[in-house]
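Reviewing the structure listed below.
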Amino acid sequence: MSAIDQGVVIVTGASAGIGEALARQLASRAKTLILVARRRDRLEALASQLTAAHRNLEVAICECDLVDGASRERMIADIETRHGPVDVLINNAGVGDMSLFELTEWKKLDMMIALNVTALTHLTHHFVRGMITRKRGGIVNISSGFGLVAMPGFSAYCASKHYVAALTEGLAMELRGTGVTVTQVCPGPVATEFVHHIGDNFMEQDAPSIIQISAEQCARSSIAAFDRSSVLTIPGFVAAFLTYWGAALPRWVRRLVFTLAVPILRKKQLAMQASKSST
Ligand SMILES: NC(=O)c1ccc[n+]([C@@H]2O[C@H](COP(=O)([O-])OP(=O)(O)OC[C@H]3O[C@@H](n4cnc5c(N)ncnc54)[C@H](OP(=O)(O)O)[C@@H]3O)[C@@H](O)[C@H]2O)c1
150 MSAIDQGVVI
160 VTGASAGIGE
170 ALARQLASRA
180 KTLILVARRR
190 DRLEALASQL
200 TAAHRNLEVA
210 ICECDLVDGA
220 SRERMIADIE
230 TRHGPVDVLI
240 NNAGVGDMSL
250 FELTEWKKLD
260 MMIALNVTAL
270 THLTHHFVRG
280 MITRKRGGIV
290 NISSGFGLVA
300 MPGFSAYCAS
310 KHYVAALTEG
320 LAMELRGTGV
330 TVTQVCPGPV
340 ATEFVHHIGD
350 NFMEQDAPSI
360 IQISAEQCAR
370 SSIAAFDRSS
380 VLTIPGFVAA
390 FLTYWGAALP
400 RWVRRLVFTL
410 AVPILRKKQL
420 AMQASKSST
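Below, the structure written as C-alpha cells:
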C-alpha cells in the first residue's frame, strides 16, 4: 500500500496549476489533505469542493508564504499539533524567472531561491526524519526539465531546479532500505498560470502544444511515479524524449548550440524593458 492511501498528505502550492490537480487526484485516497499556499480564497474554494465530493476526507488549509522562514516554522508546528505525523510531503510550490541573469532583479532571484530551494529543503529536512523513524512515507519534489538541462535565459531558475535534482538523487540513495521514498518530477511545459507570474516573457507565446501537457496529466504521472517508487519521472512523451536527448548530449555541444540564442534573447529583453520604462 502506498503511503498516500489513508495517509496525511501535504501539497504545497495547492491553490493553482499542478498542485491543485494533485490535490484533486489525491482526494479519493488520502485520509487528510493539507493544502498550502498564500491565496486563502482559492484554497477554501478547493477544500469545500473536495470535502463535498469525498465524505471521509479531512481537508486542512494552511495559508502560508513559504518564502518566510518564520511562517514555515509556524506552519510545521501547526500541522503537527493538529494532524500528527505526515506520511507524504509534496513540494510543488515554485516560481520561475525568464531573464538574462544580469537583467533580472536581485529581489526576484532572492525570492525564487527562498521558495524553490530553501523552503523545499526545510520542509523535506523536517518531515523526512519522522518518516524514517516510522519507516513509512515519502516525498515528491516537483522539479522541472530545466533541472536536468541548463538553458540561457533561465540560468537561475535552472540552477534552482538542478539543486532539487541533486538533492533528490542523493536523498534517494540515502533513503534506500528505510521504507521512505523520494521522487522528483521533471516536467516540460505544463498549461498553468506559471508563465503569467514569470515577468518578462521573451518567448511571447505559449510552448508548442505538441510538448505542452495539462496539469492533470502532470499530476497523474507524478502520483504514478510515487506509487512505483521511481526516483525520476518526466511526464509527457515528447518532453521526456527531448529532455533525455538534451541531457545525453555532451555539454560542449549544448553550450555551442544554446549560446547562439543569447544575443537574440538579450536584444528582446532589453527592448521589452525599454518599452516598459517608457510607458
Ligand atoms: N507550468 C510549467 O510549465 C512547469 C514546468 C516545469 C516545472 N514546473 C514546476 O511546477 C511547480 C508548480 O507550478 P505550476 O505550473 O502549477 O505554477 P502555478 O500555476 O503558478 O502555481 C504555483 C503554486 O505555487 C504557489 N506559490 C507561489 N509562491 C508561493 C509562496 N511564496 N508561498 C506559498 N505558495 C506559493 C502558488 O500559490 P499562491 O500564489 O496562492 O501562494 C500556486 O499554488 C513549480 O515548482 C514549477 O517550477 C512548472
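The numbers in our numbering rise by one with no breaks, and the one at position 130 of the sequence shown is 279. Beta carbons are placed, not taken as given, at the ideal position from N, Cα and C, and that holds for glycine.
Could you tell me which of the options sits nearest to residue i, measuring between CA atoms?
i, options, result
"asparagine 350", "Ser177, Arg223, Leu252", "Leu252"
"glutamate 193", "Ala388, Gly296, Glu212", "Glu212"
"glutamine 333", "Asp376, Ala165, Gln418", "Asp376"
"alanine 268", "Ile372, Ile239, Arg278, Lys256", "Ile239"
"methionine 260", "Phe250, Thr428, Tyr312, Val216", "Val216"
"alanine 315", "Lys425, Val380, Gly279", "Val380"
"threonine 279", "Glu229, Trp255, Gly326", "Checking the sequence, you will find glycine at residue 279 rather than threonine. Among Glu229, Trp255, Gly326, the Cα nearest to that of glycine 279 belongs to Glu229."
"leucine 182", "Arg188, Gln174, Ala397", "Gln174"
"isoleucine 159", "Arg204, Asp227, Asp190", "Asp227"
"alanine 340", "Val331, Asp355, Leu391, Gly326", "Asp355"
"alanine 165", "Arg191, Arg231, Thr273", "Arg191"
"methionine 150", "Ala373, Ser197, Ile281", "Ala373"
"glutamate 342", "Gly218, Gly243, Ala196", "Gly243"
"serine 378", "Phe390, Ser424, Met421, Thr327", "Thr327"
"histidine 345", "Gly245, Lys417, Trp255", "Gly245"
"glutamate 323", "Ile281, Lys425, Lys417", "Ile281"
Are residue i and residue j touching if we call contact CB-CB under 7 Å?
i, j, result
"alanine 176", "glycine 156", "no"
"isoleucine 347", "methionine 224", "no"
"valine 237", "isoleucine 153", "yes"
"isoleucine 210", "alanine 368", "no"
"valine 298", "glycine 395", "yes"
"valine 185", "threonine 200", "no"
"threonine 382", "serine 370", "yes"
"aspartate 214", "arginine 189", "no"
"arginine 415", "leucine 206", "no"
Leaving out five residues before and five after residue i in sequence, what residues of the same chain have Cβ atoms less than 8 Å from its Cβ?
i, result
"alanine 410", "Pro301, Gly302"
"isoleucine 359", "Val387"
"glycine 233", "Val157"
"histidine 271", "Gly218, Arg221"
"arginine 231", "Ala209"
Classify residue i: buried if its beta carbon has 16 or more other beta carbons within 10 angstroms, exposed otherwise.
i, result
"glycine 296", "buried"
"valine 402", "exposed"
"valine 406", "exposed"
"leucine 419", "exposed"
"alanine 202", "exposed"
"proline 338", "buried"
"alanine 263", "buried"
"threonine 428", "exposed"
"arginine 325", "exposed"
"alanine 172", "buried"
"threonine 273", "buried"
"threonine 392", "buried"
"leucine 320", "buried"
"alanine 423", "exposed"
"leucine 195", "buried"
"alanine 397", "exposed"
Near residue i, what residues of its chain come up, given a Cβ to Cβ distance below 6 Å and the 5 sequence neighbours on each side ignored?
i, result
"phenylalanine 276", "Val235, Leu238"
"lysine 310", "Ser292, Ser293, Phe295, Gly296"
"proline 412", "none"
"asparagine 462", "The question about residue 462 has no answer, for the chain in this structure spans 150 to 428."
"proline 336", "Cys367, Pro384"
"valine 266", "Ser309, Tyr312"
"leucine 258", "Ala305"
"glutamine 361", "Pro338, Ala340"
"alanine 389", "Ile383"
Please go through the same chain and pick out, in chain order, the residues whose beta-carbon is closer than 7 Å to the beta-carbon of residue i, but skip the five residues on each side of it.
i, result
"histidine 365", "A small fix is needed here, since residue 365 is glutamate in this sequence, not histidine. Contacts found: Ala170."
"lysine 256", "none"
Is any heavy atom of ligand 2 found at a distance shorter than 6 Å from the C-beta of residue i?
i, result
"asparagine 350", "This structure simply doesn't include ligand 2; it includes ligand 1 instead."
>> So, does the region 299-306 touch the region 270-285, judging by three or more C-beta pairs under 8 Å?
In response: Contact fails: fewer than three Cβ-Cβ distances are below 8 Å.
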